[in-house]
Amino acid sequence: MDKSIQKCGFFNLLLLLVAAGLSTGISRETGSLADDLTTVFLWLGFLVAAVCYFQIRLAARESVEKMEMEELARSAGKSSLFESEESDVLPTRRAREQFEKWLVPAFTLLLLGLQTAAAGWFWIKAANPIKSVNTAPLILLAALYGTLFFLQYLVGKYAAGLARLRDQKHLRPAAGFLLLGAFLSLTAATGLVADYFGNTWLDTLLARALCVLLTLVAVENLFTLILEIYRPKFDKRTTRVMYESRLIGLLGQPEGILSTAAHALDYQFGFKVSETWFYRLLERTLVWIVLGQLAILLLSTSFIFIQPGEQALLERFGKPVAGRDVLGPGAHLKWPWPIDHIYRFPTWKIQSFNVGFIPSEQNANEKVVLWTRAHYLEEFNFPVASKETVASGSNPDQDANAAPPVNLLTASIPVQFQVTDLVKWARIHANALELLERAATREVLRHMVSVDIFDIMSTGRAPAADLLRQRIQAAADQLNLGVRILFVGLQDIHPPVKVSPAFEKVFGAEQDKEAKILTALGDSAKTNALASGEQFTIMNNAEAFKVRRTSQARAQASQFTNQLTAFQSAPRVYPQRLLLRTLEKATATSRKYVIAVTNTHEFIQLNLEEKIRQDILDLDLSTQELDK
-5 MDKSIQKCGF FNLLLLLVAA GLSTGISRET GSLADDLTTV FLWLGFLVAA VCYFQIRLAA
55 RESVEKMEME ELARSAGKSS LFESEESDVL PTRRAREQFE KWLVPAFTLL LLGLQTAAAG
115 WFWIKAANPI KSVNTAPLIL LAALYGTLFF LQYLVGKYAA GLARLRDQKH LRPAAGFLLL
175 GAFLSLTAAT GLVADYFGNT WLDTLLARAL CVLLTLVAVE NLFTLILEIY RPKFDKRTTR
235 VMYESRLIGL LGQPEGILST AAHALDYQFG FKVSETWFYR LLERTLVWIV LGQLAILLLS
295 TSFIFIQPGE QALLERFGKP VAGRDVLGPG AHLKWPWPID HIYRFPTWKI QSFNVGFIPS
355 EQNANEKVVL WTRAHYLEEF NFPVASKETV ASGSNPDQDA NAAPPVNLLT ASIPVQFQVT
415 DLVKWARIHA NALELLERAA TREVLRHMVS VDIFDIMSTG RAPAADLLRQ RIQAAADQLN
475 LGVRILFVGL QDIHPPVKVS PAFEKVFGAE QDKEAKILTA LGDSAKTNAL ASGEQFTIMN
535 NAEAFKVRRT SQARAQASQF TNQLTAFQSA PRVYPQRLLL RTLEKATATS RKYVIAVTNT
595 HEFIQLNLEE KIRQDILDLD LSTQELDK
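The sequence shown runs -5 to 622 under the working numbering.
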């Protein structure tokens, strides 16, 4: 084996050791998660480079041993000394095979364990980062990371090119880690510069991205071990070592994607697509095309459009820009990201939050709200004053039935507001909305303990809502929140769900009592009115009977006087006339037959059968009547 391969492997090992040591010192000074993860990758690369260098040394010794054996075989010819097993006369080869059979899988398993442990540890730290003021010389440490980037990139590119030209698979893992370490050093330097200008959020973002990368590398290593178990053992032609990461090699040498794509295109189309002028041009200019697209993308961040109803805060390296701190609707220019950054806020939009309840999506469309069933995800009970006091002279400590001076009440209180001063709303407080919600809750509690439960549930609801709006507005002004409270609603006011059935029973009993009293009053009024009417009727009937009997007696007296005069005038005629008149009245409805002639022999048949209709049978059927 060429000595340049061994020198390159040793220099890779030495440079990764130096880079890992320097990165460890820098991460201790800065306390940055991104620097810690960069250090982890560099130390893992150092372990991989150490195993690679050891295998390179084994391969070199095996090559020398094989050349010596071939020279001895040519000079001494075939003898019994060289007719023994090849494994007996090539101990270096046997040592290399044993190393690849046992130690390489063990090292891969160890590497997987380290990667998994580091990924889990840093996921926990990146999920809850500790914010602290960094007093380290960040620019100097960023420059040191920049130096590491330059050295690792040059050596890594040289090692990757040498491995590709000489087909040395043991150089590729260390070369990949060198190139990855170069990019990670550049990333860590960027994070330190951003931290220097106050953008601490970038360190957390980079740390989470590196945690994802470390997790993917660990997963790839796991799949490599599983596939190695099921790989056919008779196929000893391996082009990659077990602990080599294809993902790291891809990140360190992105040109490998073009080679893979070229082979795929050649295979699919059946001719050398990779040798056409267009593909060659694309291969030469791909980096510049990608850089140009990135530059256009970065330049596009200089143009921003604020939508109607919105306002935005402009910050330059995390600090407000004098004279342009608040941007209104329309088109604006700014420095590209990450120099300038904007934060949009819907200042013209009417925003709202809820006090006293947490809404539920399942019950959002309910039209009927019942006291006895919870219609929100969570409801809070407010203490409300009560006008009911303990009877005078009683001792509340001794009276078990004494009513407490307060009650509990559940209420849904939506609060609507609008941002009027964006600087106060976004810059003075870390979470202005949460502070406004707490201030509103405090004012609601203060008001509830000063009102009566029955007043707030009935006639006092509207005045209470207006008073709450004024109090919440005063609290917001005192906190410099820069908002205007537009509406405070008091809705769904009722006792807690657990006591609502008992509350309804008490009110139901009171309503039943009032209903019975009103029913009794109605019955009383009805009975008295009927009695008065009956009395009036009886009195009028008696008076009418009196008048009638008096008139009849007077009329009979007058009639007798007149009849007496007539009788005295005609004593024989008057009784006969009176008799005939009485007979006429008595036989007015009877049928009468008159016999005109008494000396004839005519036979008269009388039909004494009763008529059904006397008016029809008594009709005159003469011709004269018919003619009419």
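Idealized CB from N, CA, C, for every residue including glycine.
Rounded separation between residue i and residue j - CA only
{"i": "Phe5", "j": "Thr194", "result": "35 Å"}
{"i": "Cys2", "j": "Gln49", "result": "13 Å"}
{"i": "Leu165", "j": "Leu97", "result": "18 Å"}
{"i": "Leu145", "j": "His326", "result": "42 Å"}
{"i": "Ala157", "j": "Phe171", "result": "14 Å"}
{"i": "Ser73", "j": "Lys(-3)", "result": "Caution is warranted here: a pLDDT of 49 is assigned to Ser73, below 50, making its placement in the model unreliable, and the coordinate value is therefore given only provisionally. Cα to Cα, Ser73 sits roughly 33 Å from Lys(-3)."}
{"i": "Leu292", "j": "Lys328", "result": "12 Å"}
{"i": "Glu59", "j": "Leu38", "result": "32 Å"}
{"i": "Leu148", "j": "Ala168", "result": "13 Å"}
{"i": "Ala536", "j": "Ser526", "result": "15 Å"}
{"i": "Leu462", "j": "Leu473", "result": "17 Å"}
{"i": "Leu308", "j": "Arg318", "result": "7 Å"}
{"i": "Pro302", "j": "Glu428", "result": "26 Å"}
{"i": "Leu106", "j": "Ala176", "result": "22 Å"}
{"i": "Leu7", "j": "Leu41", "result": "8 Å"}
{"i": "Gln410", "j": "Ala503", "result": "39 Å"}
{"i": "Leu52", "j": "Ala111", "result": "31 Å"}
{"i": "Ala426", "j": "Asp486", "result": "27 Å"}
{"i": "Pro85", "j": "Ile223", "result": "26 Å"}
{"i": "Gly185", "j": "Ala203", "result": "12 Å"}
{"i": "Leu196", "j": "Pro314", "result": "18 Å"}
{"i": "Leu244", "j": "Leu288", "result": "20 Å"}
{"i": "Ala113", "j": "Ile300", "result": "40 Å"}
Residues of its chain near residue i, where Cβ-Cβ distance is below 7 Å and the 5 sequence neighbours each way are ignored
{"i": "Leu178", "result": "Thr32 and Phe35"}
{"i": "Ala458", "result": "His441, Val445, Ile450 and Leu484"}
{"i": "Ser21", "result": "Asp29, Asp30 and Thr33"}
{"i": "Glu238", "result": "Arg166 and Pro167"}
{"i": "Thr521", "result": "none"}
Contacts around residue i, its chain only, beta-carbon distance under 6 Å, and the 5 residues preceding and following it disregarded
{"i": "Arg478", "result": "Gln412 and Thr414"}
{"i": "Phe311", "result": "Phe191"}
{"i": "Val45", "result": "Phe101"}
{"i": "Glu290", "result": "Note on identity: in this sequence residue 290 is Ile, with Glu being the wrong assignment. Excluding positions up to five away in sequence, the list is empty."}
Cutoff 8 Å; reference residue i; Cβ partners in own chain excluding five residues on either side
{"i": "Gln467", "result": "Arg478 and Ile479"}
{"i": "Val187", "result": "Leu132, Ile133 and Ala136"}
{"i": "Arg436", "result": "Ala469"}
{"i": "Leu416", "result": "Gln305, Leu307, Val320, Phe339, Thr341 and Gly476"}
{"i": "Val284", "result": "none"}
{"i": "Leu159", "result": "none"}
Classification of residue i by the beta-carbon crowding that lies within 10 angstroms, buried from 16 upward
{"i": "Glu65", "result": "exposed"}
{"i": "Ala14", "result": "buried"}
{"i": "Ser78", "result": "With a pLDDT of 49 at Ser78, under the threshold of 50, the modelled position of that residue is not reliable, and the figure given next carries that caveat. That one is exposed."}
{"i": "Ala212", "result": "buried"}
{"i": "Asn215", "result": "buried"}
{"i": "Gln92", "result": "exposed"}
{"i": "Phe481", "result": "exposed"}
{"i": "Val567", "result": "exposed"}
{"i": "Ala183", "result": "buried"}
{"i": "Leu200", "result": "buried"}
{"i": "Leu10", "result": "buried"}
{"i": "Val349", "result": "buried"}
{"i": "Met236", "result": "buried"}
{"i": "Trp282", "result": "exposed"}
{"i": "Arg465", "result": "buried"}
{"i": "Phe217", "result": "exposed"}
{"i": "Gly322", "result": "exposed"}
{"i": "Phe116", "result": "buried"}
{"i": "Thr581", "result": "exposed"}
For residue i: DSSP bridge partner residues
{"i": "Phe299", "result": "Ala325"}
{"i": "Leu308", "result": "Ile336"}
{"i": "Arg478", "result": "Gln412"}
{"i": "Asp460", "result": "BP columns for Asp460 are empty, so no partner."}
{"i": "Phe347", "result": "Val409"}
{"i": "Lys151", "result": "Paired residues: none, contrary to the question."}
{"i": "Gln485", "result": "Ser406"}
{"i": "Lys313", "result": "Arg310"}
{"i": "Val206", "result": "Paired residue(s): none; Val206 is not in a bridge."}
{"i": "Val320", "result": "Leu307"}
Residue i at chain C interface by Cβ criterion, 8 Å
{"i": "Ala525", "result": "Structure shown: chain C not included; a single protein chain is present."}
Integer Cβ distance of residue i from residue j, believed to fall under 8 Å
{"i": "Leu208", "j": "Gln109", "result": "6 Å"}
{"i": "Thr198", "j": "Ala120", "result": "7 Å"}
{"i": "Ala154", "j": "Leu138", "result": "Not quite, the Cβ-Cβ distance comes to about 24 Å (not below 8 Å), so this is no contact."}
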